[in-house]
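Colleague: Next up is a structure, given as structure tokens.
In full-length UniProt numbering, the protein residues as written are 1 to 409.
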């Protein structure tokens, strides 16, 4: 046996080299299904799941948007029935390369966009899926696409994909390790999703609804109606343009994040610079929005400090840091965005514009300063929890990526 190698990191008690094999040599089936005759008209609300590319994610089969077919159609597609332990691989479209192991005993079928790789008894299906999901596996898929001249994989290309394999016991040990790691990642992802949903729930309940003057949920000790105020009473447009410099470096305004140092892909310091080019100046606590991308989060306040950003943004200073933070929280509510969108006007080249004077005329409900402080503190703690979970999730995903590089050949 040739081309034998070993990984950088290995479980104790497993000596010997790994052997290179093509998927075609260690699989009893490589194939795919088809779209039932009649297409979508034959999809039902219940029956036998027909797995499509949108159902196959890395490490997971998602049944949220699954189509169903009748037993009669499934019988007509008997050759593409899925079995427990099959590796399912997306072979066309934007999601090409995504793969998952089918873990259920339940009947299911696939259409022509999903390939079934059925491992032989000497191979662990999770080990195959991990190899496909690895950097090496994805590179092979990319090269096959380039060679085929189209965005898709055929069965011959899949069969020729080559990976290194240890004995079945070591494969199982590695597979179990990554299953546990994936379970931790999935749990943390669910906790993060729950936290974000919790925040959205509080955003709805801790601010008065349209036409009302008190919120549904309130901190103890606060009574009385919230006051109607114009944004112009709390904010003032800042429209000073200066060249970037050491005190005011050029930064980005990132959707959902705010003022952020520009990443490496924006570093053009090696190019000839125009030192006279001017940008909009912003200070800590400023409120900022982009008329074009309101719905996707290009709105919020400056948490970073002194900077200059693109002149396309509208920038406002606030009388107090408190008011800026309160408006920043309020701006994440859909009804606030809707109030702004009503003033949006089309300008040249498909761009939109919300004039600053219209924005400052918007009225909002505002509680006392003490209640504002409580609300700001509450959402700051919630945001910190969300950020902590996001960072932990990123670390775990990077850890998995590192193990995929070190524990495979």
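In this text, a Cβ means the ideal position worked out from N, Cα and C, and glycines have one as well. Note that the structure is a prediction, hence the values are computed from the model and not measured.
Ignoring anything shorter than 3 residues or poking outside the region 281-317, list the beta strand (DSSP E) runs there in chain order.
Modeller: Counting whole runs of 3 or more residues, the region 281-317 contains the beta strand (DSSP E) stretches 287-289, 299-301, 307-309.
Colleague: Answer yes if the region 63-83 comes into contact with the region 14-25, meaning at least three C-beta pairs across the two stretches below 8 Å, and no otherwise.
Modeller: In short, these stretches do not touch, since the Cβ pair count stays below three.
Colleague: Helix, strand or coil for residue 391 per DSSP?
Modeller: Reduced to three states, the DSSP call for residue 391 is helix.
Colleague: Work out the CA separation of residue 127 and residue 175 for me, nearest whole Å.
Modeller: In a straight line, the C-alpha of residue 175 is about 5 Å away from that of residue 127.
Colleague: Please classify residue 53: does DSSP put it in a helix, a strand, or coil?
Modeller: Three-state result, residue 53: helix.
Colleague: Answer with buried or exposed for residue 143, where buried requires no fewer than 16 other C-beta atoms within 10 angstroms of its C-beta.
Modeller: When all chains shown are included, residue 143 counts as exposed.
Colleague: Enumerate, from N- to C-terminal direction, the unbroken alpha helix (DSSP H) stretches of 4 or more residues contained entirely within the region 68-134.
Modeller: Runs of the alpha helix (DSSP H) inside the region 68-134: 71-76, 125-133.
Colleague: Report the residue ranges of all beta strand (DSSP E) runs contained in full by the region 200-235; include only those spanning at least 3 residues, in chain order.
Modeller: Here the runs fully enclosed are 227-230.
Colleague: Taking residue 355 as the reference, which of 284, 129, 239 has the closest Cα?
Modeller: Nearest of 284, 129, 239 to residue 355, Cα basis: 239.
Colleague: Any idea if residue 363 is buried or exposed, counting beta-carbon neighbours within 10 angstroms, 16 or more meaning buried?
Modeller: The residue in question, residue 363, is exposed, as its Cβ has fewer than 16 Cβ neighbours within 10 Å.
Colleague: On the three-state DSSP scale, how would you describe residue 197?
Modeller: In this structure, residue 197 counts as helix in the three-state DSSP scheme.
Colleague: Taking the C-alpha atoms as reference points, what is the distance between residue 307 and residue 276?
Modeller: Taking the straight line joining both Cα atoms gives about 16 Å.
Colleague: Please classify residue 247: does DSSP put it in a helix, a strand, or coil?
Modeller: Looking at residue 247 - three-state DSSP - the assignment turns out to be coil, as it is neither helix nor strand.
Colleague: Figure out for me which residue from 65, 13, 223 has the closest Cα to the Cα of residue 410.
Modeller: Residue 410 lies beyond the stretch modelled for the chain, which goes from 1 to 409, so this question has no answer here.
Colleague: Give the secondary structure of residue 270 by DSSP, where H, G and I count as helix, E and B as strand, and everything else as coil.
Modeller: Unreliable positioning characterises residue 270 in this predicted model, as indicated by a pLDDT of 41, which lies under 50. The coordinate reading is nonetheless provided below. Note: residue 270 maps to coil in three-state DSSP.
Colleague: Relative to the C-alpha of residue 100, which residue among 301, 124, 57, 299 is closest?
Modeller: Among 301, 124, 57, 299, the Cα nearest to that of residue 100 is on 57.
Colleague: So for residue 326, helix, strand or coil by DSSP?
Modeller: In the structure shown, residue 326 sits in a helix (DSSP, three-state: H, G or I).
Colleague: Considering Cα atoms alone, identify which of 153, 312, 63, 69 is closest to residue 96.
Modeller: Out of 153, 312, 63, 69, 153 has the C-alpha closest to the C-alpha of residue 96.
Colleague: Would you decide whether residue 111 is buried or exposed? Buried here means 16 or more other CB atoms lie within 10 Å of its CB.
Modeller: With 16 or more other Cβ atoms within 10 Å, it is buried.
Colleague: Rounded to whole angstroms, what's the CA-CA distance from residue 300 to residue 285? Just pull it up for me.
Modeller: About 10 Å.
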